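Below is one structure, written out as structure tokens, with a few remarks after it.
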């Protein structure tokens, strides 16, 4: 069944008129008819069955079912602090991170970033990428995308997390699995709130790694092979979600 996002303030009654971009997709792209059904989710954990009740050239009205809790969310709350990458690679990391189950994205401008900082236009585009990925993946929560942070700004937020993982290709002898094992030994199996830090093309600098360690991050290696930044982020996300799935 097709699945679409609408914000909660637009889901205010049993019958609603679809906003024009969605109405166009339903009417002209998918060519749905009276009585056809699809799913709408509100990005805050609830979803509805929607049945087309009226179909006109200038308006599509649907009848909503009672809301129900979405079942597509992981137990782990994972915030991805990801350094900016070249356009296509960063958007790919956002898309796949959303599909996997990332709860929150924080773009970062770190020392070796080679692209300009993000404008509000880019951020709007990124949110659109996340919406489309959430629709596809059956997500219930739409992950917010914060304004671009510096690394010091990102590290200043660590008191909101139970575990902070800083992936660094120069780390030796302490893996992501070691960090998870140590956390569980001290805190049990309840899923933590995790912050995951991923660097840009070229990685983090030694100075950034020292600052992260001083702030309380676990500096980890993701293995013997060097990966692209967007590959490293997906590998770490998948491993963390598997551990607490």
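Numbering (my numbering), first residue to last: 6 to 250. Ideal Cβ placement from N, Cα and C applies to all residues, glycine included. Predicted model, so just to flag it, every value in this text is computed and none were measured.
For residue i, tell me which candidate among the options has the shortest Cα-Cα distance.
| i | options | result |
| --- | --- | --- |
| residue 93 | 60, 130, 173 and 64 | 130 |
| residue 18 | 71, 7, 46 and 139 | 71 |
| residue 191 | 213, 167 and 206 | 167 |
| residue 214 | 103, 115 and 8 | 115 |
| residue 136 | 96, 175 and 162 | 96 |
| residue 48 | 106, 245 and 189 | 106 |
| residue 218 | 62, 146, 133 and 157 | 157 |
| residue 242 | 195, 181 and 142 | 181 |
| residue 230 | 30, 63, 23 and 176 | 176 |
| residue 208 | 65, 196, 118 and 124 | 118 |
| residue 185 | 247, 33, 27 and 14 | 247 |
| residue 32 | 127, 195 and 63 | 63 |
| residue 245 | 210, 188 and 216 | 188 |
| residue 13 | 164, 163 and 147 | 147 |
| residue 232 | 183, 206 and 143 | 206 |
| residue 149 | 164, 195, 143 and 128 | 128 |
Determine the contact status of residue i and residue j, defining contact as a CB-CB distance below 7 Å.
| i | j | result |
| --- | --- | --- |
| residue 239 | residue 91 | no |
| residue 21 | residue 37 | no |
| residue 60 | residue 83 | no |
| residue 85 | residue 120 | no |
| residue 53 | residue 35 | no |
| residue 43 | residue 6 | yes |
| residue 220 | residue 160 | yes |
| residue 138 | residue 103 | yes |
| residue 65 | residue 99 | no |
| residue 50 | residue 145 | yes |
| residue 249 | residue 16 | no |
| residue 140 | residue 8 | yes |
Residue i and residue j look like a contact to me (Cβ under 8 Å); what is the Cβ gap, rounded to whole Å?
| i | j | result |
| --- | --- | --- |
| residue 204 | residue 234 | 6 Å |
| residue 11 | residue 67 | Contact flag wrong, Cβ pair sits at about 10 Å. |
For chain D, find out if any of its Cβ atoms is closer than 7 Å to the Cβ of residue i; answer yes or no.
| i | result |
| --- | --- |
| residue 187 | Going by chain labels, chain D is absent from the structure shown, which holds only one protein chain. |
Could you pull the start and end residues of the beta strand (DSSP E) that residue i belongs to?
| i | result |
| --- | --- |
| residue 179 | Element bounds for residue 179: n/a, residue is neither H nor E. |
| residue 52 | 51 to 60 |
| residue 22 | 20 to 22 |
| residue 203 | 198 to 203 |
| residue 66 | 65 to 69 |
| residue 42 | 42 to 46 |
| residue 223 | 223 to 225 |
| residue 218 | Counting along the chain, residue 218 falls outside any beta strand (DSSP E), though it belongs to the alpha helix (DSSP H) covering 211 to 220. |
| residue 112 | 109 to 114 |
| residue 172 | 168 to 172 |
| residue 32 | Per DSSP, residue 32 belongs to no beta strand (DSSP E) and is neither H nor E. |
| residue 36 | Premise fails: residue 36 is in no beta strand (DSSP E) and is neither H nor E. |
| residue 8 | 8 to 10 |
Got a sec, what are the start and stop residues for the alpha helix (DSSP H) residue i sits in?
| i | result |
| --- | --- |
| residue 88 | First-last for residue 88: 82 to 88, but that is the beta strand (DSSP E), not the alpha helix (DSSP H). |
| residue 94 | 92 to 105 |
| residue 26 | 25 to 29 |
| residue 141 | 125 to 142 |
| residue 163 | From DSSP, residue 163 is part of no alpha helix (DSSP H); its letter is neither H nor E. |
| residue 242 | 234 to 248 |
**Q.** Cβ contact (3+ pairs, closer than 8 Å) linking the stretch 153 to 165 and the stretch 103 to 117
**A.** yes
(Q) Pairs of beta-carbons, one from the stretch 210 to 230 and one from the stretch 71 to 85, closer than 8 Å: are there three or more? (A) no
Q) Just checking, does the stretch 198 to 214 make contact with the stretch 170 to 179 on the three C-beta pairs under 8 Å criterion? A) yes
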